[in-house]
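The block underneath contains the structure these notes are about, expressed in structure tokens.
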Amino acid sequence: MTSIDLRRDIAYVIVFIMGIITTVEYFVVSPGLRSISADVQSWATIVAAFSLGVGSINLLRIHGRQVVKRGQGYYNNAVLLAGMCMTIVVGLWGTTSHPTYQFIFFNILYPSDTAVWSLLGFYIASAAVRTLRIRTKEGAVLLVAGILTLIKNSPTMGVVWGGFSVIGDWLLSVPNSAAVRGIMICSAIGVLALGLRVLLRQERTSLGGR
Amino acid sequence: MGAIMKLRAIDPKVVYLLLFIVLAVPLIRPIGLPIEVSMYAQRFYNQVEALKPGALVFYSLSFTVAKTVEFYPQMVAVTQHLVAKKARIVYASWLVDNPPLVEKLFTDLSFEKRGLKYGTDYVHLGFIPGVATGMASFARDVHKTVGADYGGKPVGDLPLMAEAKKAQDFVLLVGFLSINFDQFVGQIQTPYKLPLVVGTDGVSFAGMLPYLSAGQVMGILNSMIGAAEYEALIRVTGKGTGYMDAQQMSHFLIIALVIVGNVAMIMQRGSRRESR
Chain A
1 MTSIDLRRDI
11 AYVIVFIMGI
21 ITTVEYFVVS
31 PGLRSISADV
41 QSWATIVAAF
51 SLGVGSINLL
61 RIHGRQVVKR
71 GQGYYNNAVL
81 LAGMCMTIVV
91 GLWGTTSHPT
101 YQFIFFNILY
111 PSDTAVWSLL
121 GFYIASAAVR
131 TLRIRTKEGA
141 VLLVAGILTL
151 IKNSPTMGVV
161 WGGFSVIGDW
171 LLSVPNSAAV
181 RGIMICSAIG
191 VLALGLRVLL
201 RQERTSLGGR
Chain B
1001 MGAIMKLRAI
1011 DPKVVYLLLF
1021 IVLAVPLIRP
1031 IGLPIEVSMY
1041 AQRFYNQVEA
1051 LKPGALVFYS
1061 LSFTVAKTVE
1071 FYPQMVAVTQ
1081 HLVAKKARIV
1091 YASWLVDNPP
1101 LVEKLFTDLS
1111 FEKRGLKYGT
1121 DYVHLGFIPG
1131 VATGMASFAR
1141 DVHKTVGADY
1151 GGKPVGDLPL
1161 MAEAKKAQDF
1171 VLLVGFLSIN
1181 FDQFVGQIQT
1191 PYKLPLVVGT
1201 DGVSFAGMLP
1211 YLSAGQVMGI
1221 LNSMIGAAEY
1231 EALIRVTGKG
1241 TGYMDAQQMS
1251 HFLIIALVIV
1261 GNVAMIMQRG
1271 SRRESR
């Protein structure tokens, strides 16, 4: 057994014990188990906070290597690293409520992120204009549903004729909800199965296995 | 006829330009289009309106910065209503992006000038890591999960937090959620059977409706429409109302272009049949 296998085995034992404690505690009323589970969950919160640090180190390694090698577009990596380091230093030195941190957040991150997201609206509008065509019966159904949804999302149209709201609400609460419920139930069963596989060590990729 | 035919294969650049114009003009000069309040926003409003003075509310956020435009007007409108109802609010974020927005909210709504006292009337706990596990831990034991507030002050030193020790201490959950919504319902709302109202973005809205019909969510604000509707309910003209003019105009433009494109396609089909 190699040291990597041993480390993986230890990790699996920890995962199994923690998983069993938190799962059983949900169904069985036991003050002792409840207290242990509460502690486990508090630890998990702390571990999750550490994962942000691990993520930062990983970013530093990957992009730092690219800068050192002077690979293609290395200046993009350098800008990313400079931005990350500057934000971390300001955040740690002056806390996240520091005016410089707030400036970075509201004048760099917020506008650039929002601008990229907003561009999506233009692409969707153009795609809708070109694709919503009555070429087939299914296309006609999609067109009518699309237009009704746009009308439903324009509150002024509800003032013009109340029927638009009624039809829009029906579309959302009946066919849409039925489809969403189906997806939700299937994905919940999938998550349950995945959880069981991880607990029973059937999902080997979850801890870096092959 | 020729012009309509050209519209069948309209250049995307023309669509972009037209869209830019119909979005920009109402933003510069608002039209003031009338707004009909949906039952989703009305139900959200009713929950807040029913709060008694001093009610303890848990107000949490989980959305990426990119979606701030959709969420922030909702947050402003709802917070104004909560403050008017004299609710005491505990703010927290499940995503690292959100705490600065809560601080901005305090500044924009002039909490201090309104006489609201930090620690007694409101508290900001900042980012709570761990997603579902963090939520479960918070619901069970707030003080064990969060040692200090956003400014680093021990939670035990804040008078309001003496009453907020576990999820059941809150009378209403207000969430501005897109990411982690399912986890929030699964870890906090359902196990403790607490009333939850949610503000969300346009993309997530349809996916949340089954929770509304199941009674797990009591009301939903849908993106900027939700913000505009809430502003109409609390009789305040805010950013949501201004943005809605632009959004509605863009909807009308898309509908018009889709109709014209289809008419052109049908006419072209007819002329082809005639030529055969």
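Order-wise, the sequence lines are chains A and B.
Quick note: the first sequence, position 114, residue 114 per the working numbering, numbers continuous.
Quick note: the second sequence, position 44, residue 1044 per the working numbering, numbers continuous.
Idealized CB from N, CA, C, for every residue including glycine.
Here the structure is a predicted model, which means the values were calculated and not measured.
- Using beta-carbon distances, Met184 (chain A) counts as an interface residue toward chain B, with a partner under 8 Å.
- Separation of the CB atoms of Ala1066 (chain B) and Val116 (chain A) is rounded to 7 Å, and the pair is thereby assigned contact status at 8 Å.
- Nearest to Gly1202 (chain B) by alpha-carbon distance, out of B:Leu1196, B:Ile1220 and B:Leu1194, is B:Ile1220.
- Rounded to the nearest angstrom, the Cβ distance from Leu1082 (chain B) to Val1102 (chain B) is 13 Å, too far for a contact under 8 Å.
- Identification of chain B residues near Ile147 (chain A) by a Cβ-Cβ cut-off of 7 Å yields Ile1255 and Val1258, ordered along the chain.
- Leaving aside the five residues that flank Gln1047 (chain B) on each side, the residues in its chain whose CB is nearer than 7 Å to its CB run, in chain order, Leu1172, Pro1195, Val1197, Met1218 and Gly1219.
- The C-beta of Ile124 (chain A) has fewer than 16 other C-beta atoms within 10 Å across all chains shown, which makes the residue exposed.
- Listed in chain order, the positions of the region 1046-1060 of chain B with a beta carbon within less than 9 Å of a beta carbon of chain A would be empty, since no residue qualifies.
- Taking the CA atoms as reference points, Ser1275 (chain B) sits about 11 Å from Gln1268 (chain B).
- By the Cβ-count criterion, Pro99 (chain A) is exposed, with fewer than 16 other Cβ atoms from all chains shown falling within 10 Å of its own Cβ.
- Per DSSP, reduced to three states, the secondary structure at Thr1200 (chain B) is strand.
- Shortest Cα-Cα distance from Arg197 (chain A) to any of A:Gly19, A:Arg7 and A:Ser3 involves A:Gly19.
- Note on Asn58 (chain A): under 16 other CB atoms within 10 angstroms of its CB, so exposed under the neighbour-count rule.
- Phe1127 (chain B) is positioned such that its CB atom lies no closer than 8 Å to that of Ser1178 (chain B).
- The distance from the Cβ of Leu1105 (chain B) to that of Val1076 (chain B) is about 7 Å, consistent with a contact at the 8 Å cut-off.
- Interface criterion met: the Cβ of Gly158 (chain A) is under 8 Å from a Cβ in chain B.
- Bridge partners of Asn1180 (chain B) according to DSSP: B:Ser1178.
- What Lys1193 (chain B) touches in chain A, judged by beta-carbon distance under 9 Å, is nothing: the nearest beta carbon there is about 15 Å away.
- For Gly94 (chain A), there is no enclosing beta strand (DSSP E); the enclosing alpha helix (DSSP H) has its first and last residue at Tyr74 to Gly94.
- Taken in chain order, the unbroken stretches of alpha helix (DSSP H) that lie wholly in the region 1033-1115 of chain B and span 4 residues or more are 1039-1049, 1068-1084 and 1099-1108.
- Here the alpha carbons of Ala1136 (chain B) and Glu203 (chain A) stand approximately 25 Å from one another.
- Sequence-distant Cβ neighbours of Leu1027 (chain B) in its own chain, meaning closer than 8 Å and more than five residues away, are Gly1242, Tyr1243, Asp1245 and Ala1246.
- Comparing alpha carbon positions, the residue from B:Asp1182, B:Phe1176, B:Met1249 and B:Phe1138 closest to Ser37 (chain A) is B:Phe1138.
- Residue burial is scored here from C-beta neighbours: Val1258 (chain B) has at least 16 other C-beta atoms within 10 angstroms and is therefore classed as buried.
- In the three-state reduction of the DSSP assignment, Phe16 (chain A) falls in the helix class.
- In the three-state reduction of the DSSP assignment, Tyr123 (chain A) falls in the helix class.
- For the options B:Leu1212, B:Phe1044 and B:Glu1163, the alpha carbon positioned closest to that of Arg1088 (chain B) is the one of B:Glu1163.
- In chain order, Gly121 and Ala125 make up the part of chain A whose C-beta sits under 8 Å from the C-beta of Ser1250 (chain B).
- Take the alpha-carbon of Met157 (chain A) and the one of Phe164 (chain A): they are about 7 Å apart.
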